[in-house]
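Structure record follows, encoded as structure tokens.
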Amino acid sequence: MRKDSLQNQAKILKTARELFAAQGVENVSMKDIATSAGIGAGTLYRHYAHKSTLCLALVTERIQAFINNNQQYLVTSTADATEQFNVVIGDYLKIREVNMELLKSVEAGEPGRLQFYQSELYQDLTRLFQTVINGLTPNLSAKTLTFRTDMLIAMLKSTSYAFQRQERQLSQEEILTELRQLLQ
């Protein structure tokens, strides 16, 4: 990528992050981002054709750090499988909580959602979750392990997670306990 293109990309991400923090993801349009960044709409759309792909770019670094930290934790941990599940999935719930609006936009937007599910990031997340699920219930077939992992991720999508937190008024700890019991 050219230097000016990289600078524009960084400016877009910085501006979007600031606007989203101040006004909320849903209240900021792509036009607002372009105007605040001092770039043309065409420049913005060349980098991010949809708001969902822009939101994915903002959250990718945080999810990758979560994955890397928890992969390292699992390599060095002497904790039992239940505690490992609690730590990894508990950390994921924290990531979801902090990034709920960004993730909701990614999941709602067709391009961002498809891009996420086809990404190496999603594959890394799947492998991490398979490790902790397999620790809880060893000797699962590959098909069953994949199914349970996919269902765990589906259960934690933004709308479902927000419903459990806000409407059902479950704490993160209660959600974690219920998920673990479902998967054991």
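Position 78, counted from 1, in the sequence shown is what UniProt numbering calls 78; the numbers after and before it change by one each time, with no gaps. The C-beta atom is built at its ideal place from N, Cα and C for all residues, glycine as well. No experiment lies behind these values; they were computed from the predicted model shown.
Checklist line | Given 8 Å, three or more beta-carbon pairs between the stretch 85-104 and the stretch 125-133 | finding: yes
Check: Would DSSP call residue 95 helix, strand or coil?
Finding: helix
Note to self: Between which residues of its own chain and residue 32 is the CB-CB distance below 7 Å, once the five residues before and five after are set aside?
What the structure shows: 19
Margin query: For a test of the three-state rule: what should DSSP assign to residue 135, helix, strand or coil?
Written below: helix
Margin query: Rounding to the nearest angstrom, what Cα-Cα distance links residue 39 and residue 184 in this structure?
Written below: 52 Å
Check: Count the other CB atoms within 10 Å of the CB of residue 96; is the residue buried (16 or more) or exposed (fewer)?
Finding: Buried, because 16 or more other Cβ atoms sit within 10 Å of the Cβ of residue 96.
Notebook entry, point to check: Going by C-alpha distance, which of 9, 147, 105 is nearest residue 45?
Noted result: 9
Checklist line | Among 128, 53, 78, nearest to residue 150 - alpha-carbon criterion | finding: 128
Next item on the list: Look at residue 158 and residue 121 and say whether their C-beta atoms are less than 8 Å apart.
Entry: Taking 8 Å as the cut-off, the Cβ atoms of residue 158 and residue 121 do not count as close.
Next item on the list: Take residue 66 and list the residues in its own chain whose beta-carbon comes closer than 7 Å to its own, dropping the five residues that flank it on each side.
Entry: 91, 92, 95
Notebook entry, point to check: Hey, would you say residue 58 sits closer than 8 Å to residue 13, going by beta carbons?
Noted result: yes
Next item on the list: Compare the beta carbon distance of residue 89 and residue 176 with 8 Å and say whether it is the shorter of the two.
Entry: Yes, the Cβ-Cβ distance between residue 89 and residue 176 is below 8 Å.
Item checked: Nearest-angstrom beta carbon gap, residue 52 and residue 106 [assumed within contact, 8 Å] -> 5 Å
Margin query: According to DSSP, simplified to helix, strand and coil, what is residue 118?
Written below: coil
Margin query: Buried or exposed, going by whether 16 or more other CB atoms sit within 10 Å of the CB of residue 2?
Written below: That one is exposed.
Item checked: Pairwise C-alpha distance: residue 146 and residue 80 -> 22 Å
Checklist line | Secondary structure of residue 42, DSSP reduced to three states | finding: The answer is helix: DSSP assigns residue 42 an H, G or I state.
Note to self: Helix, strand or coil for residue 7? Go by DSSP, reduced to three states.
What the structure shows: helix
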